[in-house]
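Chains as they are written, first to last, in our numbering: chain A, 266 to 564; chain B, 4 to 177. From the three backbone atoms N, C-alpha and C, an ideal C-beta is built for every residue, glycine too. Presented below is the structure to which this report refers.
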Amino acid sequence: MSTTATQPTRAMEPKEFKSDLKPIWCPGCGDFGVLQALYRALASVGRPPHEIAFVSGIGCSSRIPGYTTAYGFNSVHGRALPIAQGIKIANPDLLVVVAGGDGDGFSIGGGHLPHAVRRNVDLTYLVMDNQIYGLTKGQLSPTSPRGLHTITSGYGSMEDPVNPLLYVLAYGAGFVAQGTPAEMPGLTAVIEEALRFPGFAFVNVQSPCVTFGEEEQQLRAHKTHMKSLAALGHDPADRLRAMALASDYGRELYTGVFYRNPEPGPTYDALVRRRQADLSPGAVPRERVLDRFRQDGGR
Amino acid sequence: MATPKLDLSRLSLKDALDLATLIEEEAHERYLELADQMDKHRTPGAAQFFRFMAENEAKHGAALSAQRRARFGDAPRDVTRAMLFDVEAPEYDAARAFMTAREALGVALRCEEKAYAFFAEALAYVNDPQVKTLFDELGAEEVSHQDMVRRELAHLPPGEERNGEAFVDDPNPQ
């Protein structure tokens, strides 16, 4: 999170981040809990809505920008990360949050993720992973488990799912966590920590699709089998152990912080600013950029 | 500004009244949200009942807030909404499209039960005797609300249970 923007001067209330637009998700959808956790995390961080930008792609969860009072850009399918990177580099003082689903992030947008991670742009990427394309009525998504029966896999999926946690850890993300709306305090805490992390922060939220999801993916099931990484004694500074735990994606539901880089490197946006400062002494001022094309050379 | 934690052992009567008000406020807002969801998904019976519950929670909240003002005026509040999660508010997961009025009442009953459990369990950690008395009273109120919901349930004719499968398309190979 940028440290150059205004520091909180008063305690903010979650409802200050809630817009008048009412969510149209199916009742019981996991995304309601994610949105509530997000409001609370934003209030704790204390940045006013005009210093925050939400960027999303397409999907149920990509409706999130409209449900907040912050700046919002509900963009095109899979392209939230490039747009968010541009916003952050152009206006580094903004707190930029990217929200979307597993299809948006790991399928059509899958090519953008490693580059956003390796650049270490200071973004928070919140994925609502429901293992299905819910908005389009239940097709296989990149995180659907092998064997899943959907309208595009009537005889059962023949593919292994993408492992989002292992994927971002392998590319070097500085902050990787997972949560579920079945445990709201923990989900709020990891989102808040991600928002505060200085660099690319990734939170995978197991947010079930109540309409097309399987019974064992619903919040009731999460409550019976989720395991807290903190309770297991996991040290979030241990990246290799984090990768070993992340390998269980799809078999175990771990919640909490998998990895937090104890010595975060410089962010891309900070490096851009530094480069601009280094080059600016010899740079032509903006109002004189076109002078070289004038007949008199600008004299 | 990290999220503050609720420490029941240090709760004063002012804090306890504020906490109870916030619990009612959260429940009021959540019932309204669920009512809106039901409206959007053409489930008017459940929407109507959730609005009724929202009004009840608002009334209780207003009564607690008045009690707080009478005793402590405008003294600053030390407890916040960030300290509590779904104490009396229904969880989002409790709602379903096309839920019946009976199911909606079942949601409310479970909420009154969990609110009672909260106040009962909190007593073990509370030190202030005035707070203990207040929590005893609030717990008893939750029991009376449970009775109210049970009475409403008894008035409902036995109806068909919701068929959740009717909401989704069958998975047909394409």
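In or out: A/LEU286 buried (at least 16 other Cβ within 10 Å) or exposed? exposed
Hey, A/THR408 and A/ALA466: beta-carbon distance below 7 Å or not? no
Own chain residues within Cβ distance below 7 Å of A/ARG383, not counting five before or after: TYR436, GLY437
According to DSSP, is A/MET491 helix, strand or coil? strand
Taking CB distances under 7 Å as the criterion, tell me whether B/ASP77 reaches chain A. no
CB of A/MET277 within 7 Å of CB of A/SER326, strictly: no
Which residues mark the beginning and the end of the beta strand (DSSP E) in which A/ILE317 is found? 317-321
Quick one: what's got a C-beta closer than 6 Å to A/GLY343's C-beta in the same chain, skipping five residues either side? GLY322, ASP369, ILE373, GLY374
Measure the alpha-carbon distance for B/ASP39 versus B/ARG54 and round it to whole angstroms. 9 Å
For B/ASN59, report the span of its alpha helix (DSSP H) as first-last. 47-75
Would you check if the segment 65-72 of chain B and the segment 122-135 of chain B touch, i.e. whether three or more CB-CB distances between them fall below 8 Å? no
Rounded distance between the beta-carbons of B/GLU115 and B/HIS148, thought under 8 Å: 5 Å
Presumed contact (8 Å Cβ cut-off) between A/SER493 and A/THR520, rounded CB distance: 6 Å
Can you check DSSP and say which residues form a bridge with A/LEU244? Past the boundaries of the shown model lies residue 244 of chain A; chain A is included only from 266 to 564, so the question cannot be answered.
Chain A contact residues for B/HIS31, given Cβ-Cβ distances below 9 Å: Within chain A, no residue comes near B/HIS31; the closest Cβ sits about 12 Å away, beyond 9 Å.
Could you check which residue in A/GLN471, A/ILE289, A/LYS280 has the C-alpha nearest to that of A/ASP367? A/GLN471
For A/PHE297, return the contacting residues in chain B, with the cut-off set at a CB-CB distance below 7 Å. TYR95
Can you say whether A/THR532 is buried or exposed, counting buried as having 16 or more other CB atoms within 10 angstroms of its CB? buried
Do the segment 419-427 of chain A and the segment 494-503 of chain A meet, that is, are 3 or more Cβ pairs less than 8 Å apart? no
Mind checking whether B/MET86 and B/LEU137 have CB atoms under 7 Å apart? no
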